[in-house]
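Reading through the structure tokens given below for one structure.
In full-length UniProt numbering, the protein residues as written are 1 to 337.
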């Protein structure tokens with residue numbers, strides 16, 4: 001048995017394991033080929049060779065069905081762990097005490113505005129200037145997927161449903177308000193009742209639904225009986241704001257994020273003016289993942305900041321002033337960025 005194991009280790013093509021890991025992640029051979037820049041027959045042949053080496057079926061598939069077998073699921077878990085170890089080798093070889101190097105991949109939902117997060121990153125860069133960082137923006141669902149697949153060390157996102165393999169900590173809490181742009185008929189009108197929005201066209205995020213991460217916003221719409229047509233959606237805050245400013249309709253935005261737009265006259269606050277829906281933004285990470293020294297240090301500093309900064313200082317309340325009537329209202333032809 002020991003001789004057979006040694007022979008297996010020496011004879012197997014390690015690239016087959018990487019190819020299989022991507023096949024399982026992408027749930028198909030064609031999608032895996034696109035990610036690996038390989039043709040589908042090459043990926044199919046790699047899968048067959050690996051199944052021959054392993055002596056079992058790893059994938060069940062036909063024209064309408066794809067499923068990883070139980071043996072394939074066990075192998076996939078080992079491949080992820082193996083890839084995690086191999087990908088961290090360069091950092092482990094280069095790192096010296098007091099001379100930390102490496103690269104950190106993070107992914108976050110659009111427009112995460114959190115001053116103390118910026119302070120943590122600034123302090124980390126001052127202490128370890130040779131460590132490089134990549135930030136990618138994605139939907140909250142894709143942030144979770146990136147952390148699960150080890151494409152990112154950790155992420156920042158809204159939580160729709162807690163994944164059992166991941167750890168979540170509340171980074172900060174933000175209040176959402178409704179806003180319209182200068183081209184909207186309600187722009188500049190103070191003291192509006194919520195009923196004034198009931199039949200107005202609506203712009204929002206794709207997760208603005210009862211089963212989504214923005215369910216508190218969706219609940220308010222449901223309770224107030226908003227019946228206006230949804231005329232635009234996006235997963236990115238900047239694009240939702242673009243559509244609102246362009247006059248497509250009114251919609252929800254984090255209050256603390258759009259304060260400058262309010263001052264500049266690009267947006268106008270609509271009701272409710274008090275007791276606005278609140279959303280938690282989370283730090284999400286895999287507690288069992290193998291990380292480089294640089295990743296461990298930054299994650300520890302983030303968690304330490306969350307643990308020591310009182311929650312009310314990580315809460316961005318409804319601080320925007322209640323709208324007051326303006327003597328001059330921007331015309332529909334006004335220019336906006």
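Backbone N, C-alpha and C define an ideal beta-carbon position, used for all residues, glycine too. Note that this is a predicted model, so its numbers are computed, not measured.
When rounded, the separation of the alpha-carbon atoms in residue 253 and residue 62 is 45 Å. By the Cβ rule, the stretch 34-52 does not count as touching the stretch 99-108, because fewer than three pairs are nearer than 8 Å.
Going by DSSP, residue 85 is part of no beta strand (DSSP E) but of the alpha helix (DSSP H) stretching over 70-87. With respect to the 7 Å criterion, residue 198 and residue 315 are not classified as neighbours on the basis of their beta carbons.
Distances from the alpha-carbon of residue 184 to those of 19, 203 and 105 put 203 closest. For residue 217, the enclosing alpha helix (DSSP H) has its first and last residue at 215-224.
For residue 142, the enclosing alpha helix (DSSP H) starts and ends at 140-148. For residue 210, the three-state secondary structure derived from DSSP is coil. Restricting attention to 267, 156 and 231, the CA atom closest to the CA of residue 280 is found in 156. By a beta-carbon distance limit of 8 Å, residue 153 does not contact residue 85. Their separation comes to about 15 Å. Looking at the backbone, the Cα of residue 110 and that of residue 246 are separated by about 19 Å. Contact between residue 217 and residue 176 is confirmed by a C-beta separation of about 5 Å, below the 8 Å threshold. For the pair residue 313 and residue 275, the Cα-to-Cα distance works out to about 18 Å. The way I'd put it, the stretch 260-267 doesn't touch the stretch 224-238; fewer than three beta-carbon pairs between them come closer than 8 Å. Counting C-beta pairs with one atom in each stretch, the stretch 9-27 and the stretch 66-76 have three or more that are closer than 8 Å, which means they touch.
Around the C-beta of residue 271, 16 or more other C-beta atoms lie within 10 Å, and the residue is accordingly described as buried. Here DSSP, grouped into helix, strand and coil, assigns residue 101 to coil.
The shortest CA-to-CA distance from residue 163 to any of 178, 143 and 171 is the one to 143. Straight through space, the alpha carbons of residue 141 and residue 249 are spaced by roughly 26 Å.
According to the DSSP assignment, residue 243 belongs to no beta strand (DSSP E) but to the alpha helix (DSSP H) extending over 237-245. Taking the CA atoms as reference points, residue 133 sits about 11 Å from residue 124. Looking at the backbone, the Cα of residue 17 and that of residue 251 are separated by about 47 Å. A direct Cα-to-Cα measurement between residue 87 and residue 194 gives close to 53 Å.
A distance of 7 Å or more separates the beta carbons of residue 226 and residue 214.
Collapsing the DSSP output to three states places residue 113 in coil.
Per DSSP, the unbroken alpha helix (DSSP H) holding residue 302 starts and ends at 293-308.
Classified as buried, residue 269 has 16 or more neighbouring CB atoms from the shown chains inside 10 Å of its CB.
Burial is judged here by how many other beta carbons sit within 10 angstroms of a residue's own beta carbon; residue 210 has fewer than 16 and is exposed. Around the Cβ of residue 241, a 10 Å sphere holds 16 or more other Cβ atoms; the residue is buried.
The alpha-carbon of residue 212 is positioned some 14 Å away from that of residue 277.
The alpha-carbon of residue 146 is positioned some 7 Å away from that of residue 107. For residue 53, no pairing in a beta bridge is given by DSSP.
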